[in-house]
Amino acid sequence: MTSAGARAERIAGLAEVRAERPGAVAEAARGRVRRASLLGGSGRLMLVAADHPARGALAVGGDPLAMADRGELLHRLCMALERPGVDGVLGTPDVIEDLLLLGVLEGKVVIGSMNRGGLAGSAFEIDDRFTAYGADAIAASGLDGGKMLVRVDDDDPATVRTLEACARAVSELAGHGLMAMVEPFISRRVEGRVRNDLSPEAMTRAVAIASGLGTTSAYTWLKVPVVADMERVMAASTLPALLLGGEVAADQGAAREGWRRALRSPTVRGLVVGRSLLYPPDGDVAGAVDAAVELL
Numbered sequence: 013m014t015s016a017g018a019r020a021e022r023i024a025g026l027a028e029v030r031a032e033r034p035g036a037v038a039e040a041a042r043g044r045v046r047r048a049s050l051l052g053g054s055g056r057l058m059l060v061a062a063d064h065p066a067r068g069a070l071a072v073g074g075d076p077l078a079m080a081d082r083g084e085l086l087h088r089l090c091m092a093l094e095r096p097g098v099d100g101v102l103g104t105p106d107v108i109e110d111l112l113l114l115g116v117l118e119g120k121v122v123i124g125s126m127n128r129g130g131l132a133g134s135a136f137e138i139d140d141r142f143t144a145y146g147a148d149a150i151a152a153s154g155l156d157g158g159k160m161l162v163r164v165d166d167d168d169p170a171t172v173r174t175l176e177a178c179a180r181a182v183s184e185l186a187g188h189g190l191m192a193m194v195e196p197f198i199s200r201r202v203e204g205r206v207r208n209d210l211s212p213e214a215m216t217r218a219v220a221i222a223s224g225l226g227t228t229s230a231y232t233w234l235k236v237p238v239v240a241d242m243e244r245v246m247a248a249s250t251l252p253a254l255l256l257g258g259e260v261a262a263d264q265g266a267a268r269e270g271w272r273r274a275l276r277s278p279t280v281r282g283l284v285v286g287r288s289l290l291y292p293p294d295g296d297v298a299g300a301v302d303a304a305v306e307l308l
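For what it's worth, my numbering labels the leading residue of the sequence shown as 13, then goes sequentially.
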């Protein structure tokens, strides 16, 4: 386990490496030791998510810029990745490449975030274009899969462009034999902001739509929130699913209990959690991660 001082020194040196040796990113990707199988021996996955900043979503709790300090974010990610039971990370190229340069992704599952063009709060949020990883880049970088967000707004014509792009990405990832992690929502614009409908009926419809994207679903996984009547929601598909952590809850115990109940579904195979673990209310990253791993 790396000491806090040594970690801080390496994080501080990232800017110099990037400026003077940009080829070091590709070198680190080529040299990374990959895990033999996605699920490993446990049959479960515990991933830490860090793709929020690329959508301009930097807020945690009452702090609108909590995730804006990249050094602090990387420090927290390194702490999380060092904890027993954490299988890997989900992130955009900039974050993944920082972690590669820090050498903390050896033997980890690494999922690249793909469509970040629907910036949080923007007028074009539903038109979620692919502005980060593409399937070919994910394969070339030796990553284990790609994640995409699918928000269906029946009143916004931009929805169909996002659906088409995600279907193409699912097919292309499958062509490389890589996981396509699809995060679906039924959404609508309320007072100028896109809001996700978390009712069981809406999530059941979202799961059904996401399951049919692409020319094959052989490599498709779902990423879903914990909502009411999860048994009914998860019955809409046979695809394996991971639970997303969502916003930081004031009552972390209640949030974990929701994850515990949802993990009983036969299709739910693990967790993908970001802010809830990286920025817990009490500041104890290791404790929050360990409590989540215990559920698995």
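C-beta: ideal position from N, C-alpha, C; glycine also.
| task | Compute the minimum distance between the beta carbon of Arg67 and the heavy atoms of the ligand HEM, and state whether it is under 7 angstroms. | result | As for the ligand HEM, it is missing from this structure, which has no ligand bound.
| Opposite Leu256 in the DSSP bridges: which residues? | Position 244 of the sequence shown holds residue 256. In the DSSP output, where bridge partners are listed per residue, Leu256 has Val284.
| query | Gly226: buried (16+ other C-beta within 10 angstroms of its C-beta) or exposed? | reply | Counted from its first residue, the sequence shown places residue 226 at position 214. Answer is buried; the Cβ neighbour count reaches 16.
| said: Using 8 angstroms as the threshold, is the C-beta distance between Leu112 and Arg44 below it? | reply: The count along the sequence shown starts at 1 and reaches residue 112 at position 100. The count along the sequence shown starts at 1 and reaches residue 44 at position 32. It is a contact, given that the beta carbons lie within the stated cut-off.
| Per DSSP, Asp75 is paired with what? | Stepping through the sequence shown from its first residue, residue 75 is reached at position 63. BP columns for Asp75 point to Val72.
| said: DSSP three-state label for Thr14, please. | reply: Here residue 14 corresponds to residue number 2 of the sequence shown, with the count starting at 1. Coil, per DSSP.
| request: Determine the extent of the beta strand (DSSP E) in which Asp209 is found, giving its start and end residues. | output: Stepping through the sequence shown from its first residue, residue 209 is reached at position 197. Asp209 -> beta strand (DSSP E) spans Arg205 to Asp209.
| query | Is Ser223 helix, strand or coil when you go by DSSP? | reply | Counting from 1 along the sequence shown, the entry for residue 223 is found at position 211. Helix.
| said: Given this structure, state the Cα-to-Cα distance separating Glu176 from Ser183, to the nearest angstrom. | reply: Residue numbering aside, residue 176 sits at position 164 when the sequence shown is read from its first letter. Residue numbering aside, residue 183 sits at position 171 when the sequence shown is read from its first letter. Cα to Cα, the separation comes out at about 11 angstroms.
| message | Quick check: Ala218 and Val164, are their CB atoms within less than 8 angstroms of each other? | response | By 1-based counting over the sequence shown, the position of residue 218 is 206. By 1-based counting over the sequence shown, the position of residue 164 is 152. Cβ atoms of Ala218 and Val164: closer than 8 angstroms.
| task | Consult DSSP for Leu117 and reduce its assignment to one of helix, strand or coil. | result | The sequence position of residue 117 within the sequence shown is 105, counting from 1. Coil.
| Going along the chain, which residues of its own chain have a beta-carbon closer than 6 angstroms to the beta-carbon of Pro65, five neighbours each way excluded? | Your numbering for residue 65 matches position 53 in the sequence shown. Only Met79 meet the Cβ criterion.
| For Glu195, which residues does DSSP report across the bridge? | Numbered from 1 along the sequence shown, position 183 holds the residue referred to as residue 195. According to DSSP, Glu195 bridges with Leu161.
| query | CA-CA distance, Gly115 and Ala144? | reply | On the sequence shown, position 103 is the one that residue 115 refers to. On the sequence shown, position 132 is the one that residue 144 refers to. About 22 angstroms.
| message | Excluding the 5 residues flanking Gly187 on each side, which residues of the same chain have their C-beta closer than 8 angstroms to its C-beta? | response | For the purposes of this step, residue 187 is taken as the residue at position 175 of the sequence shown. Ala147.
| Are the region 251-261 and the region 47-67 touching by the rule of at least three beta carbon pairs closer than 8 angstroms? | Short answer: they touch.
| task | Could you tell me which of Val245, Val236 and Ala192 sits nearest to Glu213, measuring between CA atoms? | result | By 1-based counting over the sequence shown, the position of residue 213 is 201. It is Val245.
| Are Met91 and Ala298 touching if we call contact CB-CB under 8 angstroms? | Counting from one through the sequence shown, the residue named residue 91 turns up at place 79. Counting from one through the sequence shown, the residue named residue 298 turns up at place 286. Their beta carbons are under 8 angstroms apart, which means Met91 touches Ala298 by this criterion.
| field | Extent of the continuous beta strand (DSSP E) to which Met58 belongs | value | Reading the sequence shown from its first residue, position 46 is the one you call residue 58. From DSSP, the beta strand (DSSP E) with Met58 extends over Leu57 to Ala62.
| field | Residues that DSSP places opposite Trp233 in a beta bridge | value | The residue you call residue 233 lines up with position 221 of the sequence shown. Residue pairing by DSSP puts Trp233 in a beta bridge opposite Met193.
| field | Cβ neighbours of Leu190 in the same chain (closer than 8 angstroms, five flanking residues each side left out) | value | One-based indexing of the sequence shown puts residue 190 at position 178. Leaving aside the five residues that flank Leu190 on each side, the residues in its chain whose CB is nearer than 8 angstroms to its CB run, in chain order, Ala147, Ile150, Ala151, Leu155, Asp156, Gly157, Gly158 and Tyr231.
| request: Just the C-alpha distance for Asp168 and Ser199, rounded to the nearest angstrom, thanks. | output: Taking the sequence shown and counting its residues from 1, one reaches residue 168 at position 156. Taking the sequence shown and counting its residues from 1, one reaches residue 199 at position 187. In a straight line, the C-alpha of Asp168 is about 10 angstroms away from that of Ser199.
| query | Relative to the C-alpha of Leu290, which residue among Ala300, Gly124, Gly282 and Thr250 is closest? | reply | Against the sequence shown, residue 290 aligns to sequence position 278. Among Ala300, Gly124, Gly282 and Thr250, the Cα nearest to that of Leu290 belongs to Ala300.
| Check whether Val122 and Ile108 have beta carbons under 8 angstroms apart | Translated into positions along the sequence shown, residue 122 becomes position 110. Translated into positions along the sequence shown, residue 108 becomes position 96. Yes, these two residues count as a Cβ contact at 8 angstroms.
| request: Within its chain, find whatever has a CB closer than 6 angstroms to the CB of Gly100; leave out the 5 residues flanking it on each side and keep chain order. | output: Residue numbering aside, residue 100 sits at position 88 when the sequence shown is read from its first letter. For Gly100, where only same-chain residues beyond five positions count, the Cβ hits under 6 angstroms are Leu59, Lys120, Val121 and Val122.
| task | Give the range of the alpha helix (DSSP H) segment to which Val239 is assigned. | result | Counting from one through the sequence shown, the residue named residue 239 turns up at place 227. Per DSSP, Val239 lies in no alpha helix (DSSP H) and is assigned neither H nor E.
| message | Measuring straight from C-alpha to C-alpha, what distance separates Asn127 and Ala16? | response | Reading the sequence shown from its first residue, position 115 is the one you call residue 127. Reading the sequence shown from its first residue, position 4 is the one you call residue 16. So the alpha carbons of these two residues sit roughly 33 angstroms apart.
| Would Ala10 pass as a contact of His87 if the rule is Cβ separation under 8 angstroms? | The displayed coordinates of the chain run from 13 to 308. Any statement about residue 10 would go beyond what the structure contains.
| When the Cα atoms are used, what is the spatial distance from Arg272 to Lys235? | Here residue 272 corresponds to residue number 260 of the sequence shown, with the count starting at 1. Here residue 235 corresponds to residue number 223 of the sequence shown, with the count starting at 1. One C-alpha to the other measures close to 16 angstroms.
| task | Reducing DSSP to helix, strand and coil, say where Arg173 ends up. | result | For this step, residue 173 is matched to residue 161 along the sequence shown. Note: Arg173 maps to helix in three-state DSSP.
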